[in-house]
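To keep things clear, I will list the structure first and then write my remarks on it.
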């Protein structure tokens, strides 16, 4: 179906026919039933099959593999987990160091799988550049963040400060104040990864049923319009689409992130900009921006989107002119030569935000429910960790993966922190986002009085505290 190619630049570029696999039409009995053929579901199936090849596993997907965030994201494969500094802060120093190393190794683990399974997804491990790039306050903010990481035992090998001159060796932006370089980040082509994983688990014996939305699920079973699946384990791997599977909607807020892609840029233009090794980059504002240079020399650039009342999913990702132009403005501030460049693709997706911005990996043996989520926009890498962790927990393997502070081994869904009811969550989330936008607009305006800069940042910082 050609409409699936409009999901994102990535899906449009696939050199394969986008044909849906057959839907689920007959009742099944399996060991593990997974809802969703995105990264989390596919990684979980992959590692389960690697460890226990005899398991009978079925994946039930509402659309096609890659329809959700796995085929729409910005292509950052991070060796991180959202809020990792807070999650690990109370651990003994040696244990904390080991947990950081586990996270930092995520891109290398994915690369090993890509090589083993023959998946080509334009993997390039060039690190990430977190740039102080639009106003001086970004430098102070980034330096404070770096100091906090170093206080937790991380070193220059993990995160290091780049002076404006050092930054220019990798990326040349209009107003450089410096930045942080993190080596444990790769960039990928998201759709090639998710589609390649789907083919891989099929070869391993996993059955994938597409165009089969789950209408009801509970401990031990799930149901679609035409059939029922019974399983010892049910794994709802839906992340930003939790609103479709109550009661998961209590724990996951569907938030949109929106992206644009330029036409392929000339070699001369890239010589001016840099990013010659596949580096990811961001400018350090609470707008949460992210970008990369694609393998075919486009600039892909995204920024945080919004939240709709009552957790309503956004289905129309034909971006408005205002949404596109905001992203053009943000990357144009970094690269003035691109202010009038042609934008060929604009898209977005729903991602999952857990309360307190705390990712979770949960396995409840009593109910037979296992899930991993709350990645908060960092799911490309976190989903690999989640899939490995769920596999170990389901198979009762005692590994370092299952002993991490984001793992919930008992208590079921009730162990998760629920979001406040409406209208509190809508009012709260949008008030927070408005404070971020106000701060950004204030700090980016050099004519604004210094006291207004301080006030805007204090308000935004205060509001951000409610997320944690």
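In this note's numbering, the protein residues as written are 923 to 1390.
We put the beta carbon where it would ideally sit given N, CA and C, even for glycine.
Note that the structure is a prediction, hence the values are computed from the model and not measured.
Helix, strand or coil for residue 933, going by three-state DSSP, please let me know.
helix
Give a single yes or no on whether residue 980 has its beta carbon closer than 7 Å to a heavy atom of the ligand FAD.
For the ligand FAD, the structure offers nothing, since it holds no ligand at all.
Note down, in chain order, each residue of its chain lying with its Cβ closer than 6 Å to the Cβ of residue 1127, except the 5 sequence neighbours on either side.
none
Buried versus exposed, by CB contacts within 10 Å (16 or more), residue 1393
The structure shown does not extend to residue 1393, since the chain is modelled only from 923 through 1390, so no value can be given for it.
Rounded to whole angstroms, how far is the Cβ of residue 1161 from the Cβ of residue 1297, which I believe are closer than 8 Å?
7 Å
Residue of 1225, 1188, 1054, 1232 minimising C-alpha distance to residue 1246
1225
I'd like the list of long-range same chain contacts for residue 974, defined as Cβ closer than 8 Å, with 5 residues on each side in sequence excluded.
Annotation for residue 974: 1317 place their beta carbon closer than 8 Å to its own, counting only its chain and skipping 5 residues before and after.
What is the rounded straight-line gap between the Cα of residue 1141 and the Cα of residue 1155?
The straight-line gap from Cα to Cα measures roughly 8 Å.
Using a Cβ-Cβ cut-off of 7 Å (strictly less than) and excluding sequence neighbours within five positions of residue 1312, which residues of its own chain qualify?
966, 1157, 1283, 1285, 1292, 1294
Any chain D beta carbon closer than 8 Å to residue 1048
Any reference to chain D falls outside this structure, which holds one protein chain only.
Classify residue 1188: buried if its beta carbon has 16 or more other beta carbons within 10 angstroms, exposed otherwise.
exposed
Distance between residue 1306 and residue 1376 (C-alpha atoms, nearest Å):
40 Å
Hey, out of 1193, 941, 958, 1346, whose CA is closest to residue 1229's CA?
Per the Cα distances, 1346.
Cutting at 8 Å between CB atoms, please list the residues of its own chain near residue 1244, excluding the five before and the five after it.
The beta carbon of residue 1244 is closer than 8 Å to none in its chain, skipping five residues each way along the sequence.
Could you name the residues that DSSP lists as bridge partners for residue 1034?
In the DSSP output, where bridge partners are listed per residue, residue 1034 has none listed.
8 Å CB neighbourhood of residue 1098 in its chain, flanking five on each side removed
1053, 1054, 1055, 1086, 1089, 1090
Residues that DSSP places opposite residue 1052 in a beta bridge:
Bridge partners of residue 1052: 1102, 1204.
Give the single residue among 1359, 989, 978 whose Cα lies nearest to the Cα of residue 1163.
989
Closest Cα partner of residue 1198 within the set 1216, 1302, 1147:
1216
Give the secondary structure of residue 1293 by DSSP, where H, G and I count as helix, E and B as strand, and everything else as coil.
strand
I'd like the list of long-range same chain contacts for residue 1204, defined as Cβ closer than 6 Å, with 5 residues on each side in sequence excluded.
1052, 1211, 1212
Using only CA atoms, which one of 1168, 1031, 1209, 1257 lies nearest to residue 1335?
1168
Taking all protein chains shown into account, do 16 or more other C-beta atoms lie within 10 angstroms of the C-beta of residue 1237, making it buried, or fewer, making it exposed?
exposed
By how many angstroms is the C-alpha of residue 1014 removed from the C-alpha of residue 1269?
43 Å
Helix, strand or coil: which one does DSSP assign to residue 1219?
Of the three classes helix, strand and coil, the one that applies to residue 1219 here is coil, per DSSP.
Is DSSP giving residue 1184 helix, strand or coil here?
strand
From 1006, 1030, 1031, residue whose alpha carbon lies closest to that of residue 1019
1006
Checking 8 Å against the spacing of the C-beta atoms, do residue 1114 and residue 1044 come in under that value?
A Cβ-Cβ contact shorter than 8 Å links residue 1114 with residue 1044.
Residue 1304 versus residue 1134 - alpha carbon distance
Rounded to whole angstroms, residue 1304 to residue 1134 spans 26 Å at the Cα level.
According to DSSP, simplified to helix, strand and coil, what is residue 1228?
DSSP places residue 1228 in coil when its eight states are reduced to three.
Length of the line joining the Cα atoms of residue 1039 and residue 999
18 Å
Do you know whose CA, among 1176, 1077, 1287, 1181, lies nearest residue 1248's CA?
Selected option, being the one with the closest Cα: 1181.
Three-state secondary structure (DSSP) of residue 1026:
helix
Under the three-state DSSP convention, the category residue 1131 falls into
strand
Could you give the first and the last residue of the continuous alpha helix (DSSP H) run that contains residue 1378?
1372-1387
Measuring straight from C-alpha to C-alpha, what distance separates residue 1092 and residue 1221?
Distance between the alpha carbons of residue 1092 and residue 1221: 15 Å.
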